[in-house]
Each structure stands twice: as C-alpha cells, then as structure tokens.
Amino acid sequence: MVAVGCDLNGAHYENGEAFQPSPLYKCTCIAGAIGCTPAFIQKPAGLSSSDLMLDNKPAGLRSGQSPKNKQDTTYMSAYRKPRWDRKNNCLVQTTPWSPCSKSCGLGISTRVENNNSKCEMRKDRRLCLLRPCDQSLLMGVKITVGKTCQPKVQAKKAEKLILSSCTSTKKFRPTYCGVCTDQRCCVPNKSRVIKVNFTCKGGSSTQWKMQWITSCVCQRKCSDPGDMFSDLWLL
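The sequence shown begins at 1 in full-length UniProt numbering and counts up by one.
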C-alpha cells in the first residue's frame with residue numbers, strides 16, 4: 001500500500017507530515033486527509049487580561065501598531081473552551097464560509113469542518129446568490145438622497161432557481177446585495193442556511209444547501225474568494 005499525501009494551497013505534504021499553514025492552527029496529513037488543532041495558548045497563572053489580548057493579536061498589530069484599514073480587520077474572539085464531542089472523541093472545528101464564487105448568478109461558497117464521526121476535516125459547500133446577472137433590477141434601484149449605497153434589494157417576485165439543468169421545486173423571492181456609486185461593493189453580513197430541492201432532466205433530483213441573505217453591508221474590501229483555511233473557529 002502506498003501512503004497518500006495531502007495537497008493544500010499548491011503545497012504537497014507527505015503522509016504523517018505536520019505543518020502550520022496559519023498562526024491560528026497546526027495540521028497533520030494523515031492518509032490524504034488533513035486534521036487540524038488550534039495553536040492557541042491558554043492563559044498561564046499571573047498573566048493579565050491585557051497581556052492575553054496582546055498575545056492573541058496578529059504579530060503586525062502588536063506594540064501599539066494600527067492596522068492599515070480597520071474596517072477590513074477581523075480579530076479572533078476571546079478564548080473560550082472549545083466544544084469537545086465526547087461521542088466521536090473530537091475537538092470540533094470549522095472555518096468561516098468563503099466568499100461566493102460569483103458576483104452575480106448562482107455561485108458556490110465553501111468551508112472546511114470536522115463535525116463528523118471520523119473527526120476528519122472535510123469540505124462543505126452551499127449555493128450562494130449575491131445578485132442577479134440581469135442588471136435591470138439593480139439599475140432600477142433608487143439610492144436615498146445623501147447616500148451612496150443601497151445595501152440590499154429584494155426580488156420583485158418569487159421565481160424558481162435554475163442550477164445547470166436542474167430547477168428548484170419551489171419558488172423563492174431572495175434578498176440581493178445592492179449597489180454603490182462610490183466604488184464600494186455590497187456583501188452579505190447576515191444570512192442563514194436553507195435547503196433547496198431541485199429536479200433535473202431525466203427525472204433525477206438533488207438537494208443543496210443555500211445561503212439565504214437577510215442583510216448586506218457595503219465596504220471597500222472587494223476581493224475574490226480566498227483560502228478557506230484563512231481563519232479557523234472553534235464551535
């Protein structure tokens with residue numbers, strides 16, 4: 001039997017090799033699967049709360065330094081005891097959902113989690129729909145006088161979703177992220193996950209998770225989907 005290695009972000013790791021792709025966690029390649037554990041350090045006796053907060057900041061933000069753009073900076077939450085799944089003997093971890101793969105039309109958003117019986121880091125995916133590619137809806141959006149953005153817009157009527165050769169069994173009237181006149185982009189800041197059933201040509205059917213947007217925020221950080229491992233959270 002030949003041991004299977006792991007590939008992550010263009011790098012190859014041998015079976016059994018330990019590596020640290022982020023300051024937030026350490027990982028090990030095991031038979032083609034990647035397992036990760038947090039790299040945090042619990043507060044030792046005598047260490048003040050301010051010292052603990054300093055240690056949790058990225059290296060570039062220590063010693064009183066200020067981020068270049070505070071709006072785009074995200075800090076890890078204060079230390080809390082991670083959830084331990086006793087049944088599966090697993091420290092449950094998950095990454096945030098990645099940005100939608102498409103700026104208009106149905107796209108894909110992914111994350112990695114190990115909330116399964118084998119405690120393996122696996123890719124999870126969901127559909128996402130930031131806005132329609134038909135610009136007629138957005139062109140008709142009226143921005144309030146004195147404002148430069150309309151964060152969200154709701155579809156005029158409920159319609160079925162089309163995914164390749166499949167059509168949703170129900171009609172939906174989604175909320176879309178709106179438009180700005182000052183080069184900012186609007187992205188979801190509150191959403192939930194729903195399940196959508198599709199029927200396909202030939203009579204087959206499939207079910208997908210989907211991001212259901214409830215509100216959006218407009219910001220200057222407009223980037224394409226990045227590394228799904230860029231931030232690791234404990235459930």
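Ideal Cβ positions, reconstructed from N, Cα and C, are used throughout, including at glycine. In this text the structure is predicted, and so the values were computed from the model without any measurement.
query	result
First and last residue of the beta strand (DSSP E) that includes TRP212?	205-219
Since ASP134 is in the beta strand (DSSP E), which residue starts that stretch and which ends it?	Segment: none, ASP134 is in no beta strand (DSSP E) and carries neither H nor E.
In whole angstroms, what separates the C-alpha of ILE162 from that of LYS142?	28 Å
Around the C-beta of ARG220, are 16 or more other C-beta atoms found within 10 angstroms, so that it is buried, or is it exposed?	exposed
Can you check which of these residues, ARG111, CYS6 and THR37, is closest to LYS209 by C-alpha distance?	ARG111
Considering only the alpha carbon of each residue, which of SER98, ILE108, VAL187 and MET121 lies closest to THR37?	MET121
Using only alpha-carbon positions, find the residue among VAL193, GLY10 and CYS6 that is nearest to GLY28.	Per the sequence presented here, residue 28 reads as Thr, with Gly not at that position. Comparing Cα positions, the closest option is CYS6.
Answer with buried or exposed for residue 237, where buried requires no fewer than 16 other C-beta atoms within 10 angstroms of its C-beta.	Because the chain here runs from 1 to 235, residue 237 falls outside it and cannot be looked at.
Given that a residue counts as buried once 16 or more other Cβ atoms are within 10 Å of its Cβ, and exposed if not, what is TRP97?	buried
Among residues of its own chain, excluding the 5 on either side of SER168, which ones have a beta-carbon nearer than 6 Å to its beta-carbon?	LYS160, LEU161, VAL196 and PHE198
Between the segment 178-191 and the segment 105-119, are three or more C-beta pairs nearer than 8 Å?	no
If you follow the beta strand (DSSP E) that ARG192 is in, where does it begin and where does it stop?	185-200
Flag this pair as yes or no: are the beta carbons of LYS171 and ALA158 separated by less than 7 Å?	yes
Is the beta carbon of ASN189 less than 7 Å from the beta carbon of VAL153?	no
How many Å lie between PRO21 and CYS90 at the Cα?	21 Å
Going by C-alpha distance, which of PRO174, VAL92, GLY146 and ARG126 is nearest PRO132?	PRO174
Which first and last residues belong to the beta strand (DSSP E) in which THR110 is found?	106-113
Look at the Cβ atom of LEU106, then the Cβ atom of LEU127, and state whether they are nearer than 7 Å.	yes
Can you have a look at SER109 and say buried or exposed, based on whether 16 or more other CB atoms are within 10 angstroms of its CB?	buried
Would you tell me roughly how many angstroms separate the C-alpha atoms of LYS92 and ALA33, rounded to the nearest one?	Residue 92 is actually Val in this sequence, not Lys. Cα to Cα, the separation comes out at about 16 Å.
With a threshold of 16 other CB atoms inside 10 Å of the CB of PRO23, please say whether the residue is buried or exposed.	exposed
Going by beta carbon distance, what residues of the same chain come within less than 7 Å of CYS100, once the five residues before and after it are set aside?	GLY107, SER109, CYS128 and LEU130
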